[in-house]
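In terms of this note's numbering, the sequence shown opens at residue 45 and continues consecutively. One structure below.
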Amino acid sequence: MKKHISFFLISGLILFNFSCYYDQEIDLSEPLPDIPVDQTISFQSDIVPLFSQSGKDCTACHNGNVANPDLTGVNTYNNIISLIVAGDAEASEFYQKLPGNNHPISAGFVLNNDELALIKAWIDRGAENN
């Protein structure tokens, strides 16, 4: 009987311990910050670095081997532009599936509201390859 009690107690503690895990989520009820209209957003300088930043490395999967689109190298813009409706981030598949919005699998991280706002503003302003 003692063995059964010990087994159930240990099993219960293990289950309880694993049930405390949760993914970091962004409160999307909080509106994205406004990016000033006079702020220039450069694809190469502002957007591309978001894909390979420390702790939020999209290129770990989106590298041409694991998942599409490939976000590495000089063809990044060409690889994502077909997923973008220039001038309308909300209608753009690329924007809709960013970690923090509705990424199809758990990326293990999310883009914060400032990063999402920057990408949204870039798309809404025409998604230029600059």
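We treat Cβ as the ideally placed atom computed from N, Cα and C, and that holds for glycine.
Checklist entry - Any idea what DSSP makes of K100, helix, strand or coil? => result Translated into positions along the sequence shown, residue 100 becomes position 56. Reduced to three states, the DSSP call for K100 is strand.
Checklist entry - Going by C-alpha distance, which of D168, L162, P143 and S50 is nearest D101? => result Locating residue 101 in the sequence shown gives position 57, where the first residue counts as 1. Of the candidates D168, L162, P143 and S50, the one whose C-alpha sits nearest the C-alpha of D101 is P143.
Next on the checklist: Can you list, in chain order, the residues of its chain with a C-beta nearer than 7 Å to that of P113? Leave out the 5 residues immediately preceding and following it.
Outcome noted: On the sequence shown, position 69 is the one that residue 113 refers to. A distance below 7 Å between beta-carbons, with the five flanking residues on each side excluded, links P113 to the following residues of its chain, in chain order: H106, N123, I124 and L127.
Checklist entry - Around the C-beta of I91, are 16 or more other C-beta atoms found within 10 angstroms, so that it is buried, or is it exposed? => result Here residue 91 refers to the residue found at position 47 of the sequence shown. Around the beta carbon of I91, 16 or more other beta carbons sit within 10 angstroms, so the residue counts as buried.
Item to check | For D82, three-class secondary structure by DSSP | outcome: By one-based count along the sequence shown, residue 82 stands at place 38. Here D82 carries a coil assignment [DSSP, helix/strand/coil].
Item to check | Per-residue burial, Q149 [other beta carbons within 10 Å of its own, 16 or more giving buried] | outcome: Position 105 of the sequence shown, counting from 1, holds the residue named residue 149. For the record, residue 149 in the displayed sequence is Ile; it is not Gln. Exposed.
Checklist entry - What is the C-beta distance between D82 and A133, in whole angstroms, given that I count them as a contact (C-beta under 8 Å)? => result The residue given as residue 82 occupies position 38 in the sequence shown. The residue given as residue 133 occupies position 89 in the sequence shown. In fact, because the Cβ distance is near 19 Å, the residues do not count as touching under 8 Å.
Checklist entry - DSSP on L181, reduced to helix/strand/coil? => result Nothing about residue 181 can be read from this structure; the chain reaches only from 45 to 174.
Item to check | Buried versus exposed call for K164 [16 or more other C-beta atoms within 10 Å across all chains shown] | outcome: By one-based count along the sequence shown, residue 164 stands at place 120. Residue burial is scored here from C-beta neighbours: K164 has at least 16 other C-beta atoms within 10 angstroms and is therefore classed as buried.
Next on the checklist: Rounded to whole angstroms, what is the Cα-Cα separation between E159 and K47?
Outcome noted: On the sequence shown, position 115 is the one that residue 159 refers to. On the sequence shown, position 3 is the one that residue 47 refers to. Using only the alpha carbons, I get a separation of about 53 Å.
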